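Chains E and F, in that order, give the protein sequences.
The first sequence begins at 1 in our numbering and counts up by one.
The second sequence begins at 94 in our numbering and counts up by one.
Heads up: the structure comes next, in structure tokens.
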Amino acid sequence: MMKATHMMLFSRVLAAVFGGYALTSGVAVLLAAVLPLSRAEAVLTATLSAFVVYTCAVIWVFAVQDLRRAWLGMLLPAIACGGLGLLLSRGAA
Amino acid sequence: MNAVKVDKVAKTPQQGGLRQAMAWLHTWSGLWISWLLFAIFLTGTLAVFDEPITHWMTPEHALEEAAHANDPPLPKVTDRGHRLELALDFMTKEHPKADMWEIWPVQRPGHGLSAYWFQPAGGYGSADLDPLTGAVIEHAREATQRDTIGGHHFVDFHYELHAGRIGVWIVAITTMIMLVALVSGVITHKRIFKDFFTFRPAKGQRSWLDAHNAVAVLTLPFQFMIAYTGLAFFSDDYVPAPVAAQYGMDNAKKAFLADWNDVGKPVKTGQPLAIPALEPFALRAEQAIGQDIRAVVLDNPNDASMRVCMYGWNEETDTMERLSANTGRACYALATGEQVALRRPGESDTGGAGLTRAVMSNLHMAGFGGTPMRWLYFFCGLAGTAMMGTGAILFMVKRRQKSGGEFGAYTQRVYRIVACLNVAAIAGLSIACVGFLWANRLIPVGVEHRAGWELRAFFGVWFVMLAHACLRAEKRAWIEQLGLLAALCLLLPVLNVLSTGDNLAAQVARGDWESAGVELGGMAFGLLAAWGAWKVRQRKEKPVKKAAARESAAPTASLQINTEGQS
């Protein structure tokens with residue numbers, strides 16, 4: 001039982017750190033692709049905005065009650081944003 | 094009840110669930126980074142005054158400067174056009190193959206004639222030239238001058254912990270956690286304004302909480318700003334995904350930087366072209382940007398694609414008027430003499446994103462607003478440092494009243510480690526900082542790699558303080574370290590008199606407020622430390638109660654959430 005509680009907390013921390021980073025990267029990839037700016041400017045704007053996304057993501061992971069929801073809330077949008085961003089990117093991708 | 098089991102937060106929706114989850118997040122994310130953050134904040138705060146500290150740490154230089162303060166200014170021996178020619182001759186002879194030549198033809202205090210270039214192996218090369226003859230000036234350090242990195246130590250430690258790229262990353266991760274701790278701290282507080290006006294002194298835990306809240310709330314916008322702008326410097330390193338997505342997997346970073354920095358950079362044609370006189374271009378650029386010329390950058394020298402860019406010099410009025418530190422810049426294609434780019438002072442030639450980053454960097458480094466702004470940053474930095482310190486202490490004070498039993502059988506051991514780290518990170522690091530100044534005066538001037546020994550003294554003292562904190566009982570450790578800190582700070586002027594013969598009264602008399610400021614500031618910290626040592630001595634010792642010992646035997650309750658911020 002103690003193990004389970006520890007594991008759940010550990011899982012939540014992982015969701016916040018790595019899930020949150022995945023979501024941040026996904027959103028940044030999408031932003032860089034869709035912002036109506038020159039390529040370099042769009043990329044820089046995306047990276048500068050990323051810390052807002054990351055902070056909010058971590059806060060949300062700890063605010064939400066259900067652990068599974070926390071994980072899904074990170075990974076699904078990360079994949080959706082990242083995938084869409086890659087499809088739309090202007091570069092050599 | 095102050096504590097709630099973590100599995101309730103994980104599973105059960107309940108009244109106040111969000112605030113309790115945030116309080117947990119704030120306590121634990123904050124605790125584990127508070128020591129490092131304290132170090133980053135304290136050294137960052139000192140870094141605001143890196144120049145006065147360097148001035149104090151180079152007393153021979155400072156005294157010589159003072160001796161010559163009333164000399165008439167050196168006559169302008171050569172005009173700028175001639176100095177540019179001398180530098181071009183030097184570069185043509187010594188570095189004809191370099192893609193980029195950069196010349197600083199300025200005649201100002203601390204500047205003469207300098208040349209820089211890209212080395213084939215990568216990196217910058219540089220040489221200082223005699224503005225009369227163009228000969229290279231060898232900087233053999235005089236034996237009477239001490240070798241030191243001075244106040245720059247605090248700048249470097251503040252952003253990279255003297256550990257290069259790894260240090261930069263550690264600081265970035267710490268800063269990111271700080272953002273989370275700030276937001277979760279704000280959510281935890283129901284009554285942010287009431288908290289700010291509440292201070293209940295001499296009430297133990299209550300007072301620590303009030304102090305923590307007051308310094309945090311008062312300077313909250315500053316803390317957010319300083320954390321966020323700190324991350325902005327290398328944002329594309331921390332989040333490389335969009336760079337890779339837009340520029341491909343191979344050499345994405347390089348392509349991005351080329352796209353970013355080298356807009357309009359000419360491509361070599363292979364056709365030779367003689368370098369014309371550059372002075373007329375410098376005059377045109379001064380007209381166009383309204384600033385004195387600081388640097389002259391020549392791309393592809395001796396090639397038909399040759400381009401020269403003239404960079405302006407930010408005067409003090411510029412730094413008062415503009416948040417962006419970008420100087421003016423005007424570029425000319427030398428084959429045609431045509432102006433190919435123009436940036437007025439404070440503008441960006443890389444759009445809104447570039448301007449944003451330039452402003453963020455400048456905001457972080459207090460590059461605007463002059464001395465009053467530096468003092469404001471200094472006090473806000475101290476408040477931030479106090480926020481970390483009080484937070485870390487609050488954790489222990491609270492658990493001395495009533496253990497949370499968070500780590501089961503290991504709880505007391507973990508608390509002991511936390512207590513050691515508190516002493517070593519707060520008092521111990523402060524001792525290391527002032528110890529760095531002491532090392533500057535105590536290490537003999539002629540020692541080889543002297544600057545390195547000063548650094549070793551800083552880390553050595555810090556390590557000794559950590560060991561001391563672990564070996565002594567917590568209360569004794571606080572008293573002894575704060576006492577030592579007070580002594581080192583208060584005796585700083587005495588050390589200076591004994592080592593250089595210079596004293597506070599003489600500094601003030603000759604108007605050397607940089608040196609006097611370091612010693613007076615040191616003494617202020619010394620008084621604060623002495624007061625702290627006295628307060629700890631007054632305190633009645635209460636051992637950590639094992640209130641939760643029975644609970645922690647029951648495994649389900651072993652992990653608890655403490656709602657620190659709630660009042």
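No residue lacks a Cβ here, since even glycine has one placed at the ideal position from N, Cα and C.
In this text the structure is predicted, and so the values were computed from the model without any measurement.
Contact list for residue i against chain E, beta-carbon separation under 8 Å
i, result
"ILE110 of chain F", "Residue identity check: residue 110 of chain F is Gly in the sequence provided, not Ile. The contacting residues are GLN65."
"ASP329 of chain F", "VAL43, LEU44 and THR47"
"LEU135 of chain F", "Result: empty, since nearest Cβ-Cβ is about 23 Å, beyond 8 Å."
Supposed contact pair residue j and residue i - C-beta distance, whole angstroms, cut 8 Å
i, j, result
"MET150 of chain F", "THR241 of chain F", "5 Å"
"ALA180 of chain F", "LEU139 of chain F", "About 37 Å; that fails the 8 Å criterion."
"GLY405 of chain F", "GLY421 of chain F", "4 Å"
"ALA208 of chain F", "LEU225 of chain F", "So it is not a contact: roughly 15 Å between Cβ atoms."
"ALA483 of chain F", "TRP301 of chain F", "It should be pointed out that residue 483 of chain F corresponds to Thr in this sequence rather than to Ala. Contact holds; Cβ gap of about 6 Å."
"ILE386 of chain F", "MET399 of chain F", "Incorrect: roughly 18 Å between the Cβ atoms, too far for contact."
"TRP555 of chain F", "VAL629 of chain F", "20 Å between Cβ atoms; not a contact."
"THR24 of chain E", "VAL332 of chain F", "6 Å"
"LEU448 of chain F", "ALA381 of chain F", "Wrong, their Cβ atoms sit about 19 Å apart, outside the cutoff."
"ALA550 of chain F", "VAL308 of chain F", "The pair is not a contact, with the Cβ atoms about 30 Å apart (cut-off 8 Å)."
"HIS188 of chain F", "LEU487 of chain F", "At roughly 59 Å, the Cβ-Cβ gap does not stay under 8 Å, so HIS188 of chain F and LEU487 of chain F are not in contact."
Beta-carbon neighbours of residue i, restricted to chain F and to distances below 8 Å
i, result
"ALA28 of chain E", "VAL332, ALA334 and PRO335"
Residue i: contacting residues in chain E (beta-carbon distance under 9 Å)
i, result
"MET115 of chain F", "ILE59, PHE62 and ALA63"
"LEU177 of chain F", "What LEU177 of chain F touches in chain E: nothing, since even the nearest Cβ is about 32 Å away."
Residue i versus residue j - alpha carbon distance
i, j, result
"LYS639 of chain F", "VAL490 of chain F", "Bear in mind that the predicted position of LYS639 of chain F carries a pLDDT of just 48, short of 50, making it unreliable; the figure below should be weighed with that in mind. Roughly 14 Å separates the two Cα atoms."
"SER219 of chain F", "THR464 of chain F", "31 Å"
"ALA476 of chain F", "ILE280 of chain F", "20 Å"
"ASP605 of chain F", "LEU583 of chain F", "19 Å"
"GLY123 of chain F", "MET271 of chain F", "7 Å"
"ASN344 of chain F", "ALA351 of chain F", "11 Å"
"ALA28 of chain E", "TYR340 of chain F", "14 Å"
"TYR470 of chain F", "GLY323 of chain F", "14 Å"
"TRP60 of chain E", "THR47 of chain E", "20 Å"
"GLY83 of chain E", "VAL356 of chain F", "30 Å"
"ASN163 of chain F", "HIS245 of chain F", "28 Å"
"GLU414 of chain F", "LEU591 of chain F", "44 Å"
"THR147 of chain F", "GLY243 of chain F", "4 Å"
"ALA50 of chain E", "ALA334 of chain F", "11 Å"
"HIS282 of chain F", "ALA348 of chain F", "46 Å"
"GLY20 of chain E", "LEU313 of chain F", "24 Å"
"VAL310 of chain F", "PHE472 of chain F", "14 Å"
"MET616 of chain F", "LEU578 of chain F", "10 Å"
"GLU567 of chain F", "PRO438 of chain F", "55 Å"
"LEU376 of chain F", "ALA370 of chain F", "11 Å"
"PHE461 of chain F", "LEU75 of chain E", "42 Å"
"MET7 of chain E", "MET558 of chain F", "36 Å"
"ALA78 of chain E", "ALA57 of chain E", "11 Å"
"LEU275 of chain F", "ARG176 of chain F", "53 Å"
"ALA428 of chain F", "PHE315 of chain F", "49 Å"
"LEU156 of chain F", "TRP531 of chain F", "18 Å"
"TYR425 of chain F", "GLU379 of chain F", "13 Å"
"ASN395 of chain F", "ARG173 of chain F", "21 Å"
"VAL229 of chain F", "GLU153 of chain F", "24 Å"
Chain-ordered chain E contacts of residue i [CB-CB under 7 Å]
i, result
"LEU118 of chain F", "PHE62"
**Item:** Against chain E: residues of the stretch 336-369 of chain F by CB proximity under 7 Å
**Value:** Of all residues in the stretch 336-369 of chain F, VAL336, ALA338, GLN339, TYR340, GLY341, PHE349, ASP352 and TRP353 have a Cβ within less than 7 Å of some Cβ in chain E.
**Request:** Mind checking the stretch 423-451 of chain F against chain E and listing, in chain order, the residues whose C-beta falls within less than 9 Å of any C-beta there?
**Result:** THR443, GLY444, GLY445, ALA446, GLY447, THR449 and ARG450
**Request:** Could you please tell me which residues of the stretch 50-64 of chain E, in chain order, have their CB closer than 7 Å to any CB of chain F?
**Result:** ALA50, PHE51, TYR54, THR55, VAL58, ILE59, PHE62 and ALA63
**Item:** the stretch 541-552 of chain F touching the stretch 587-597 of chain F, judged by at least three CB pairs closer than 8 Å
**Value:** no
**Prompt:** Quick check: the stretch 262-273 of chain F against the stretch 559-566 of chain F, are there 3 or more CB pairs under 8 Å?
**Reply:** no
**Request:** Determine which residues of the stretch 30-49 of chain E have a Cβ less than 8 Å from any Cβ of chain F, and write them out in chain order.
**Result:** Those residues of the stretch 30-49 of chain E placed with their C-beta closer than 8 Å to a C-beta in chain F are LEU31, ALA32, ALA33, LEU37, SER38, ARG39, ALA40, GLU41, ALA42, VAL43, LEU44, THR45, ALA46, THR47 and LEU48, ordered along the chain.
**Asked** Is there contact here, the stretch 5-12 of chain E with the stretch 64-79 of chain E, by at least three beta-carbon pairs under 8 Å?
**Response** yes
**Asked** Name the residues in the stretch 294-326 of chain F whose C-beta lies less than 8 Å from a C-beta of chain E; which are they?
**Response** Those would be TYR321, LEU324 and ALA325, in chain order.
**Request:** Quick one: which residues of the stretch 264-282 of chain F get their C-beta closer than 8 Å to a C-beta of chain E? List them in chain order.
**Result:** MET269, LEU272, VAL273, VAL276, SER277 and ILE280
**Item:** Sufficient close CB pairs (3 or more, under 8 Å) joining the stretch 249-265 of chain F to the stretch 134-151 of chain F
**Value:** yes
**Asked** Is there contact between the stretch 450-458 of chain F and the stretch 78-90 of chain E, where contact requires at least three CB pairs shorter than 8 Å?
**Response** no
**Prompt:** Do the stretch 437-451 of chain F and the stretch 35-49 of chain E meet, that is, are 3 or more Cβ pairs less than 8 Å apart?
**Reply:** In this structure the stretch 437-451 of chain F touches the stretch 35-49 of chain E; the number of beta carbon pairs closer than 8 Å is three or more.
**Prompt:** Does the pairing of the stretch 312-329 of chain F with the stretch 496-513 of chain F give three or more beta-carbon distances under 8 Å?
**Reply:** no
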